[in-house]
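Participant: Position one of the sequence shown corresponds to residue 7 (my numbering), numbered consecutively onward. Using N, Cα and C, we set each Cβ at its ideal position, and we do this for glycine too.
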Amino acid sequence: MDKYIATKFTCTGFIIMALSGIGKILMIGLPDFYVHQEDSSIIPLLTFIGGSIVSLIGISFYIKKVYNFLNSYYDIF
7 MDKYIATKFT CTGFIIMALS GIGKILMIGL PDFYVHQEDS SIIPLLTFIG
57 GSIVSLIGIS FYIKKVYNFL NSYYDIF
């Protein structure tokens, strides 16, 4: 069950980070859509940070799984 949760969190985080990059490209490349470019340039940054946090949560599930495997297999931790 943990691997599905990890996959969902990791993929969702990467998708959010990609969308923040697309949003930044739209802000720089197409300034007609964003009249107040300075005010709205913080939104892709916050989106990227949020996506990074979500993907780190997903990666932490993988790390936990590897830790549990090493703990049960080698019994050193």
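Measuring alpha carbon to alpha carbon, tell me which of S78, G27, C17, I21 ends up nearest I48.
Facilitator: In the sequence shown, residue 48 corresponds to position 42, counting from 1. The option with the nearest alpha carbon to I48 is G27.
Participant: Among I63, L76, I55, S78, which one has its Cα closest to the Cα of Y10?
Facilitator: Here residue 10 corresponds to residue number 4 of the sequence shown, with the count starting at 1. Y10 has its Cα closest to that of I63, out of I63, L76, I55, S78.
Participant: Cα separation between C17 and V72?
Facilitator: The residue you call residue 17 lines up with position 11 of the sequence shown. The residue you call residue 72 lines up with position 66 of the sequence shown. Cα to Cα, C17 sits roughly 19 Å from V72.
Participant: Quick one: using the 10 Å Cβ neighbour count with 16 as the cut-off for buried, is A24 buried or exposed?
Facilitator: Within the sequence shown, the letter at position 18 stands for residue 24. Classification for A24: exposed.
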